[in-house]
Amino acid sequence: MNKIILTLAAVMTMSFAACAQNNKREKNMQTEKKPLVVYFSATGTTARAARMIADVTGGTLCEIVPQQTYTSDDLDWNDKQSRSSVEMNNPDARPAVKDTKIDFAAYDVIFIGYPIWWNQAPRIINTFIESHDLKGKTLVPFATSGGSGINNSAEELKKTYPDLEWQKGKLLNGVSYDDIRSWVSDLVKNCDKTKISK
Ligand SMILES: Cc1cc2nc3c(=O)[nH]c(=O)nc-3n(C[C@H](O)[C@H](O)[C@H](O)COP(=O)(O)O)c2cc1C
């Protein structure tokens, strides 16, 4: 069983590298590339989904850590003055993040995960995106929520950063490893269709 998982992870890794391929790069370099799985998680749910993606793809995990941790008061959506409410009411809010020490240049495919806040990605995701050169990379949004879908937040990200290459996002509430494997395998196929065949 472990062998199958490892093989699948290797195949997916190679396919993702191919998906984001840059003709200038050496073929053998591409096949060694793994995705980066970046996520923000205030209460641990999105972190769990991120770990599953990293397990399945063999990717590198990278947590977006706020410089100031969100307390439960900060996360109180019933309080219009709570930190999360104030941030989400201000499209220009960019909460500071701790340095990740990740070499982003080493990755072509980046999964970006977040909890849905007010039907959007938390503003700290904007901070992350604007702090790195993500041009030319394949970005795959994923999220967890209390029930809302991911479409609004993913569309919002696409609209805000139209120069970046976004893949369709996926809501990962209560998913199993099989769900993740099947999603990742579909992604690889779509990448092949839209990019490799060109
Ligand atoms: C400030 C705030 C706003 C939220 N807004 C929504 C929302 O609009 N729709 C929804 O389904 N869930 C919403 N939620 C619930 C979270 O998306 C959900 O609990 C998520 O899985 C938490 O992920 P985390 O544990 O990684 O932080 C909100 C939670 C918080 C704290």
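Sequential numbering of the sequence shown, starting at 1, is according to this note's numbering.
We treat Cβ as the ideally placed atom computed from N, Cα and C, and that holds for glycine.
| Item | Value |
| --- | --- |
| Hey, quick one: how far does the alpha helix (DSSP H) through I180 stretch, first residue to last? | Y177 to C191 |
| Where do the N-terminal and C-terminal ends of the beta strand (DSSP E) with L199 fall, by residue? | Since the displayed the chain opens at 1 and closes at 198, residue 199 lies outside it and no answer follows. |
| Buried or exposed: S182, going by 16 or more other Cβ atoms within 10 Å of its Cβ? | exposed |
| Apart from the five residues just before and just after D92, which ones in its own chain have a Cβ nearer than 8 angstroms to its Cβ? | none |
| Determine the burial state of K101: buried for a count of at least 16 other Cβ atoms within 10 Å of its Cβ, exposed for fewer. | exposed |
| With a threshold of 16 other CB atoms inside 10 Å of the CB of R38, please say whether the residue is buried or exposed. | First, the residue type needs correcting, since residue 38 is Val and not Arg in the sequence shown. Flag for V38 reads buried. |
| What is the residue span of the beta strand (DSSP E) that I112 lies within? | V109 to P115 |
| What number of angstroms, rounded off, separates the C-alpha of N28 from the C-alpha of A106? | Residue placement at N28 is poorly supported in this model, since its pLDDT is 34, which falls under 50; the coordinates still yield a value, given next. The straight-line gap from Cα to Cα measures roughly 14 angstroms. |
| Using 8 angstroms as the threshold, is the C-beta distance between A205 and G113 below it? | Residue 205 falls outside the range modelled here, since the chain spans only 1 to 198, and no answer is possible. |
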